Structure formats: C-alpha cells, structure tokens
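Asker: Okay, here's the structure, questions in a sec.
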Amino acid sequence: MLPPGIYLHQLMHHFVGRRSEGEVCAGLSRPEGGPLIWCQVGDGGELPALEDFIRQVVRTRDDLCFLITLPSGHAPWDPPEDLGDVLLSCALPDGGLKSAKQFLDIMRPDLVLWMDQKLDPPLLGLVHQRSIPALWINARAPVSSGGALPWWRGTMRVLASGFDTILAESEAAASVLSRLGVSTGKIRVVGALQRQTHPPSCNMAERDDMAQVLGARPLWLALNTAAEEEAVLVEAHRQVMRKSHRLLLVIVPDDPARAPVLVRRLEQDGWVVALRSEDQTPTPEAHIYIADLPEEEGLWMHLSPITFIGHTLSGGECLSPNAAASLGSAVVFGAALGQDTDAFERLEAAGAARRVASREHLAQEIEYLLQPEHAAQMAMAAWEIITSGAELSGMVEEMVLDLLDKNGL
C-alpha cells in the first residue's frame with residue numbers, strides 16, 4: 002500500500018489541474034538486452050557529471066542501458082554521440098499515479114538513480130512498492146509541492162527512507178534528512194557527483210623550456226578570454242604591477258585570429274607585448290604574452306600558479322575550472338557562469354577558487370594569490386576536491402554494480 006500522503010497528492014493533482022495524463026515517453030520502448038538504469042535529473046547542470054559517470058560504468062558493464070528523465074518543461078537535451086547506443090531520454094511523467102504506473106510498466110527499470118531534490122510521490126511510491134533498487138545521489142533537502150502541509154513531512158520521510166542508500170552532499174544535508182526521520186544508517190555524506198577531470202596534457206619538453214625562460218618570474222594566466230573582458234584584465238594587471246613590477250600576464254584569447262589586433266591595441270596603450278605565434282618569447286621586458294597557438298592551454302595551466310577563467314566576466318560559454326584546479330593552479334572567476342556553475346561553486350566553497358566582481362577586486366585577488374603560501378593553500382584544497390570527485394564516482398559505480406549483482410542482473 003502506498004503512503005497516505007500520495008493519495009492526498011493525487012487529490013491535489015485533481016483539483017489544481019496538472020498536465021493531463023497519457024503522454025508517457027511517447028515513441029520510446031524499453032531497450033532489449035541488459036539491465037536498464039533509470040536516472041532522474043532535476044537540474045540540467047548535473048547532466049555533464051552523469052554523462053561522465055555513465056561512460057565510466059559502461060566500460061565495466063557494456064550491456065547496460067540508461068534512461069534519463071528530466072522535468073517537464075526542461076530545455077531539450079540530446080545524448081552525446083558517444084553514448085547514443087546506451088542512452089535514452091524523455092520527460093518525467095507528470096500526470097500522477099496513472100502516468101507513473103504506465104511509465105514503470107513500459108520501462109521496467111532494474112535500478113533507479115535519483116538526482117533530484119524533488120521527491121515525486123507517485124513515482125517513488127511505486128518504485129519502493131515494487132522493490133526496485135534505488136539510490137538518491139547528490140541529496141540535499143527534499144522539496145515538493147506539498148510545502149508545509151502537516152501530512153507532507155511523513156510522506157517525505159517514507160519516500161526518502163525507501164532508498165537503499167542516500168548519498169548526501171554535505172553534513173548539513175544529512176542533518177536535515179535525519180531530522181526528517183530518515184535512519185542515519187541509510188545516509189552517507191560523500192559530496193556531489195562531479196564531471197570527471199582529466200588533467201590537460203602538454204609537451205613536457207616545451208614546458209621545461211618555457212619554465213627556464215620564465216625562471217622565477219611571477220605570472221598569471223587569463224584563459225579563453227573574450228574581447229569584452231580583456232580591458233578589465235589588463236587594467237587589473239596594471240594595478241598589480243605597481244607592487245609586483247616583474248609580473249607577467251599570459252592571455253589565451255578565445256579566438257586566436259584576434260591575437261594580432263589585440264597586440265596592436267595593447268602596444269598603442271604602451272604595453273610591451275610578445276606574440277607566441279610569431280615565435281616570440283616572454284622576455285624580461287615583456288609585460289603581456291599573447292599565447293595564441295591552438296591546443297596549448299595545458300602548457301600554460303601547467304606553468305601558471307593562477308588561472309582566470311575567461312568569459313566569466315563577459316558571459317558566454319566558459320571552460321570548466323576543474324582542469325586548472327587539477328594542475329594546482331588557483332582559479333579566479335567572475336559572476337557570469339555557464340553550465341559549470343556547480344563546479345565553480347564547489348571549488349569556491351572549498352576555498353579552492355575566488356570569485357571577483359570588478360577590476361579592483363580582481364587585482365586584489367591576484368595580488369593575494371601571488372603570495373606562494375596562499376596559492377599553495379588553494380592548490381591543496383582544489384586537489385582534495387578533484388580527487389574526492391574521482392573517488393565518489395568509483396564508489397557509486399561499485400554500489401550500482403553490487404545492487405545489480407545482488408538482484409541477479
């Protein structure tokens with residue numbers, strides 16, 4: 002029997018007139034062959050981490066298939082090409098108990114990975130009733146349309162307690178779940194599933210040669226910069242140079258074709274500039290080095306103790322901060338974040354990245370991080386975050402495979 006709160010939820014659904022039932026993963030059928038793992042994702046920002054996790058798991062079990070559901074109204078999402086053979090996607094059934102039954106009858110998932118803070122009463126109630134193994138990943142505080150209604154707390158407790166294991170993002174999240182009445186034996190504080198970070202490679206001989214050219218000279222890197230933010234970066238550099246006269250700024254523009262124009266503009270403003278594509282080196286006299294050769298981002302992240310992530314001041318698509326962090330480079334970023342918002346905020350919360358809001362603020366942070374002990378502290382914090390992410394992916398993979406084995410799948 003389902004929890005009473007689920008039937009009350011159905012009554013609410015009837016009166017508020019939610020989307021009509023019937024369109025359940027239209028045109029899709031359950032894949033033939035191996036086990037099907039259903040992943041419910043509440044926030045599109047978690048998709049890159051889930052995609053990386055799926056890549057990891059199918060290397061071990063290539064017979065697995067995955068169904069990803071997203072809330073109705075979510076922007077269209079197409080599976081990556083390399084996962085096209087193992088991934089299906091559709092909207093989460095949003096019509097109540099009847100649609101939930103249709104969905105589970107059609108798809109018959111063998112395992113559920115719930116990556117959503119909203120606990121859907123009809124769906125999860127049936128998942129638990131049918132004894133389908135389920136893990137709640139990236140768990141925080143459960144939310145739902147029931148709000149503060151007196152019976153809702155009990156319903157949330159029942160739904161949360163039905164998971165085999167709850168992987169909480171933080172001690173605070175675990176405390177909330179414990180106060181809700183969930184057994185502490187079901188809760189593990191492990192952090193959030195993250196995108197897999199593979200430190201960018203570079204030509205190590207080239208790296209050694211450039212390190213010899215630079216010597217002990219202090220430098221900072223502005224990576225994948227937009228034209229609109231380069232003036233801010235350069236003025237921040239000017240401000241820091243008043244105290245650190247030998248400081249070098251390395252700019253990797255988002256479009257190498259802009260490099261010659263950028264050099265001319267900087268030289269007109271009185272800067273001494275060297276251009277990588279012209280085989281120029283950052284001599285002691287150079288203030289700014291424009292690194293415009295393709296596929297050398299890894300080289301400069303290896304060399305620089307500080308990396309500003311471009312497009313985070315101007316907006317637009319930015320690079321993940323995890324690559325720089327994985328190499329021990331302190332990350333600095335602006336407020337205009339893209340799909341990697343979670344990665345930036347996770348590093349910031351751990352003390353492994355700094356957010357800036359203005360030219361003056363950027364200059365202050367660069368000046369602070371030029372002190373070796375400060376950059377080293379951030380590098381250590383970043384390393385812990387990156388390595389813990391890899392450990393968590395491995396742990397979740399082991400739990401998934403163990404649950405499948407336990408059920409003879």
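Per the numbering used here, residue 2 is the first one in the sequence shown, and the count goes up by one each step.
Glycine included, each C-beta is placed from N, C-alpha and C at the ideal position.
In this text, all values refer to a predicted model and were calculated from it rather than measured experimentally.
Just list the residues that DSSP pairs S202 with in beta bridges.
Answerer: In DSSP, S202 forms no bridge with anything.
Asker: Decide if the region 158 to 171 is in contact with the region 264 to 276; the criterion is three or more beta carbon pairs, one per stretch, under 8 Å apart.
Answerer: Output reads no: the region 264 to 276 does not touch the region 158 to 171.
Asker: In terms of alpha-carbon separation, which member of L51, G46, I310 and R31 lies closest to G395?
Answerer: Closest option to G395, Cα to Cα, is L51.
Asker: Quick one: which unbroken alpha helix (DSSP H) runs of 4-plus residues sit fully inside the region 11 to 91? Chain order, please.
Answerer: For the region 11 to 91, whole alpha helix (DSSP H) runs of length 4 or above, ordered along the chain, are 48 to 61.
Asker: Provide the residue(s) that pair with A331 in DSSP beta bridges, ordered along the chain.
Answerer: A331 pairs with I307.
Asker: Output the distance between the C-alpha atoms of V128 and T342, rounded to the nearest integer angstrom.
Answerer: If you take the alpha carbons of V128 and T342, they lie about 31 Å apart.
Asker: To which residues does DSSP link M116 through a beta bridge?
Answerer: Per DSSP, V42.
Asker: Would you call I107 buried or exposed, if buried means 16 or more other Cβ atoms sit within 10 Å of its Cβ?
Answerer: I107 is exposed by the Cβ-count criterion.
Asker: Quick check on DSSP: helix, strand or coil for T282?
Answerer: T282 falls in the coil class under three-state DSSP.
Asker: Excluding five sequence neighbours on each side, which residues of the same chain lie with their C-beta closer than 6 Å to the C-beta of I167?
Answerer: Closer than 6 Å at the Cβ level, and outside the excluded window around I167, lie W137, A140, K187 and I188.
Asker: Given a cut-off of 9 Å, decide if P306 and G329 are closer than it, judged by their beta-carbon atoms.
Answerer: Yes, Cβ-Cβ distance for G329 and P306 is below 9 Å.
Asker: Hey, could you find the ends of the alpha helix (DSSP H) V233 is sitting in?
Answerer: V233 -> alpha helix (DSSP H) spans A228 to M242.
Asker: Relative to the C-alpha of I38, which candidate in V58, A237 and E47 has its C-alpha closest?
Answerer: Among V58, A237 and E47, the Cα nearest to that of I38 is on V58.
Asker: Could you check whether D44 and M116 sit closer than 9 Å to each other, using their CB atoms as the reference points?
Answerer: Cβ atoms of M116 and D44: closer than 9 Å.
Asker: Taking only the alpha-carbon atoms, compute the straight-line gap between L402 and Q240 and give it to the nearest angstrom.
Answerer: L402 and Q240: Cα-Cα distance of roughly 55 Å.
Asker: Quick check on D255: buried or exposed, where buried means 16 or more other Cβ atoms within 10 Å of its Cβ?
Answerer: D255 comes out buried.
Asker: With distances taken from CA atoms, which of D280, M205, A193 and Q41 is nearest A350?
Answerer: The option with the nearest alpha carbon to A350 is A193.
Asker: Assign N323 to one of three DSSP states: helix, strand, or coil.
Answerer: In this structure, N323 counts as helix in the three-state DSSP scheme.
Asker: Under the three-state reduction of DSSP, which class applies to I133: helix, strand or coil?
Answerer: I133: coil per DSSP, three-state reduction.
Asker: Grab me the residues of C26's own chain with a C-beta within less than 6 Å of its C-beta, minus the 5 sequence neighbours each way, in chain order.
Answerer: So the list reads C91, once near-sequence residues are dropped.
Asker: Once DSSP output is grouped into helix, strand and coil, what is the label at V397?
Answerer: Note: V397 maps to helix in three-state DSSP.
Asker: If you drop the 5 nearest sequence neighbours on each side, which residues of the same chain put their C-beta closer than 6 Å to that of E368?
Answerer: So the list reads V241, once near-sequence residues are dropped.
Asker: So what does DSSP say about A275, is it helix, strand or coil?
Answerer: Strand.
Asker: Can you tell me where the beta strand (DSSP E) holding P261 begins and where it ends?
Answerer: Segment A260 to Q269 is the alpha helix (DSSP H) holding P261; no beta strand (DSSP E) there.
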